[in-house]
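Report on the following structure.
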Amino acid sequence: MAQMTMIQAITDAMRIELARDPNVLLFGEDVGKNGGVFRATDGLQKEFGEHRVFDTPLAESGIGGLAVGLGLTGFRPIAEVQFIGFVFETFDQIASQATRMRYRSGGRYTSPITFRAPFGGGVKTPECHADPLEGLLTQTPGLKVVVPSNPYDAKGLLISAIRDNDPVFFLEHMKLYRSFRGEVPEGEYTVPIGKANVVKEGAHLTIITYGAMVHTSLKAAELAKKERGVDVEVIDLRTIQPIDTETILASVRKTNRAIVVQEAQRSAGVAAEVIAQINEKAILHLEAPVLRVTAPDTPYAFAQIEDKWLPTPERIVKTINEVLDF
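One gets my numbering by counting positions in the sequence shown from 1 and adding 350 to each.
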């Protein structure tokens with residue numbers, strides 16, 4: 351089995367799907383000859399040609415419109431938004447066109463589009479490049495939102511996204527692109543969209559999280575074990591729309607305590623939704639309120655104070671202790 355970084359796994363997934371299905375097209379700003387700003391598409395234009403892997407003008411609304419049109423005419427577009435902060439320019443095409451197509455046409459047409467974008471903190475990017483905007487995406491009906499945390503999941507989930515008949519937004523955390531390697535099978539395989547993963551089993555409390563915060567939460571679980579002897583279970587959501595409620599509830603019914611960790615700002619986000627679902631369906635199993643660890647409700651921090659803005663293992667452990675001592 352190969353050892354890959356997450357960005358190598360993402361490239362491998364797109365290469366496999368471009369080779370498998372002639373209707374898969376890949377486009378965005380600088381994705382062709384330059385191979386993308388992070389080199390996620392490196393070598394793909396040379397391998398598959400300029401008609402299937404091509405650059406677009408610096409106009410995100412055009413990228414979205416092109417994706418919608420191609421999706422309606424039988425193609426499976428992979429549309430790259432160069433950084434998540436530019437998604438607003440194409441959001442009308444996503445929310446008003448792509449996600450409504452199946453409903454609007456009574457099921458006659460769909461939008462088999464995969465939107466990809468880097469996001470996330472910890473790499474000191476300029477303003478508007480790292481913003482965690484997943485809450486905006488998850489509140490868009492008809493849009494599936496995927497956030498892998500490791501190379502294996504990234505490849506399998508991206509193949510699933512490209513093969514999906516409805517639009518999927520695939521969020522790639524920049525800090526995870528090259529921070530570690532993991533085992534990735536050669537050839538094609540899929541990881542199902544909408545299925546969470548229990549990455550660490552435990553008995554005393556459940557952490558529900560996704561993306562880079564999976565790794566931060568695992569560090570917190572180690573600290574809690576060392577400092578207090580508690581055994582924390584960690585769930586990687588992998589898909590934040592739709593959320594795998596069954597896996598969350600099964601864990602909460604076992605541990606009776608939970609916290610939710612997200613990199614995004616506090617209000618009206620994925621953490622709030624997870625807490626609401628636990629309260630609606632498992633409140634009688636709780637021995638303490640479900641708390642959340644998040645960034646504050648401010649614009650994304652400048653690079654100089656980014657480390658203070660993002661959730662840390664120490665902040666997570668502090669919240670673990672609050673729940674255990676309730």
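All residues carry an ideal CB built from backbone N, CA and C; glycine is no exception.
In angstroms, rounded to a whole number, what distance separates the CA positions of A562 and E538?
By one-based count along the sequence shown, residue 562 stands at place 212. By one-based count along the sequence shown, residue 538 stands at place 188. If you draw a straight line from the Cα of A562 to the Cα of E538, it comes to about 25 angstroms.
Which residue spans inside the segment 386-436 form an unbroken beta strand (DSSP E) run of at least 3?
With a minimum length of 3 residues, the continuous beta strand (DSSP E) runs that stay inside the segment 386-436 are 403-405 and 426-430.
Tell me where the alpha helix (DSSP H) around I509 begins and ends.
Reading the sequence shown from its first residue, position 159 is the one you call residue 509. Unbroken alpha helix (DSSP H) run through I509: P501 to R513.
So does the segment 640-656 actually touch the segment 607-624, counting three or more Cβ pairs closer than 8 angstroms?
By the Cβ criterion, the segment 640-656 is in contact with the segment 607-624, since at least three pairs of Cβ atoms, one from each stretch, lie closer than 8 angstroms.
Would you say K525 and G470 are within 8 angstroms of each other, going by their C-beta atoms?
If you number the sequence shown from 1, residue 525 lands on position 175. If you number the sequence shown from 1, residue 470 lands on position 120. Against a cut-off of 8 angstroms, the Cβ pair of G470 and K525 comes out as a contact.
In whole angstroms, what separates the C-alpha of I463 from that of T488?
Taking the first residue of the sequence shown as 1, we reach residue 463 at position 113. Taking the first residue of the sequence shown as 1, we reach residue 488 at position 138. Here the alpha carbons of T488 and I463 stand approximately 16 angstroms from one another.
Around the C-beta of N384, are 16 or more other C-beta atoms found within 10 angstroms, so that it is buried, or is it exposed?
The count along the sequence shown starts at 1 and reaches residue 384 at position 34. Result: exposed.
Are the segment 386-404 and the segment 435-451 touching by the rule of at least three beta carbon pairs closer than 8 angstroms?
Taking 8 angstroms as the limit for Cβ pairs, the verdict is that the segment 435-451 does not touch the segment 386-404.
Short of 7 angstroms in beta carbon distance, which residues of its chain neighbour V387, apart from the five on each side in sequence? Order them along the chain.
Locating residue 387 in the sequence shown gives position 37, where the first residue counts as 1. Closer than 7 angstroms at the Cβ level, and outside the excluded window around V387, lie D380 and Q432.
Find the nearest neighbour of P661 within the set E672, E623, S567 and V582, judged by alpha-carbon distance.
Along the sequence shown, read from residue 1 onward, the residue named residue 661 stands at position 311. Nearest of E672, E623, S567 and V582 to P661, Cα basis: S567.
Excluding the five sequence neighbours on either side, which residues of its own chain have a C-beta within less than 8 angstroms of the C-beta of T589, listed in chain order?
Taking the first residue of the sequence shown as 1, we reach residue 589 at position 239. The residues are K494, V495, V496, V497, L507, I543, G544, K545 and A546.
Identified DSSP bridge partners for F377:
Looking up residue 377 in the sequence shown gives position 27. F377 pairs with F404 and A429.
With DSSP collapsed to three states, give me the class of V620.
Taking the first residue of the sequence shown as position 1, residue 620 is located at position 270. If DSSP states are grouped into helix, strand and coil, V620 belongs with the helices.
Just how far apart, CA to CA, sit D481 and K550?
Here residue 481 is taken as the residue at index 131 of the sequence shown, counted from 1. Here residue 550 is taken as the residue at index 200 of the sequence shown, counted from 1. About 28 angstroms.
Starting from K569, trace the alpha helix (DSSP H) in both directions and tell me its first and last residue.
Along the sequence shown, one-based indexing puts residue 569 at 219. Note, K569: alpha helix (DSSP H), M563 to R578.
Only counting the same chain, and skipping five residues up and downstream in sequence, which positions put a Cβ closer than 7 angstroms to that of V625?
For this step, residue 625 is matched to residue 275 along the sequence shown. Correcting the residue identity first, residue 625 is Ile in this sequence and not Val. A distance below 7 angstroms between beta-carbons, with the five flanking residues on each side excluded, links I625 to the following residues of its chain, in chain order: V610, V640 and R642.
Please state the DSSP three-state secondary structure of V640.
On the sequence shown, position 290 is the one that residue 640 refers to. V640 falls in the coil class under three-state DSSP.
Which one or two residues does DSSP pair with M351 in a beta bridge?
The residue labelled residue 351 in the question sits at position 1 within the sequence shown. Residue pairing of M351 in beta bridges, as defined by DSSP: absent, with no partner found.
Within the chosen definition, does the segment 614-632 reach the segment 667-674 through at least 3 CB pairs nearer than 8 angstroms?
In the pairwise beta carbon analysis, the segment 614-632 is classified as not touching the segment 667-674: fewer than three pairs are separated by under 8 angstroms.
Residue range of the beta strand (DSSP E) that includes V518:
Here residue 518 refers to the residue found at position 168 when the sequence shown is read from its first residue. Boundaries of the beta strand (DSSP E) harbouring V518: V518 to H523, taken from the DSSP string.
Name the DSSP bridge partner or partners of K383?
Position 33 of the sequence shown, counting from 1, holds the residue named residue 383. BP columns for K383 are empty, so no partner.
Quick check on G485: does DSSP put it in helix, strand or coil?
For this step, residue 485 is matched to residue 135 along the sequence shown. G485 carries a helical assignment under DSSP once its states are collapsed to helix, strand and coil.
Cβ neighbours of L420 in the same chain (closer than 6 angstroms, five flanking residues each side left out)
Here residue 420 refers to the residue found at position 70 of the sequence shown. Within the same chain, P427 come within 6 angstroms of L420 by CB-CB distance, once the 5 residues on both sides are set aside.
Pull up the distance between the alpha-carbon of R665 and that of M354, whole angstroms please.
On the sequence shown, residue 665 is found 315 positions in, with the first residue counted as 1. On the sequence shown, residue 354 is found 4 positions in, with the first residue counted as 1. Between R665 and M354, the C-alpha separation is close to 31 angstroms.
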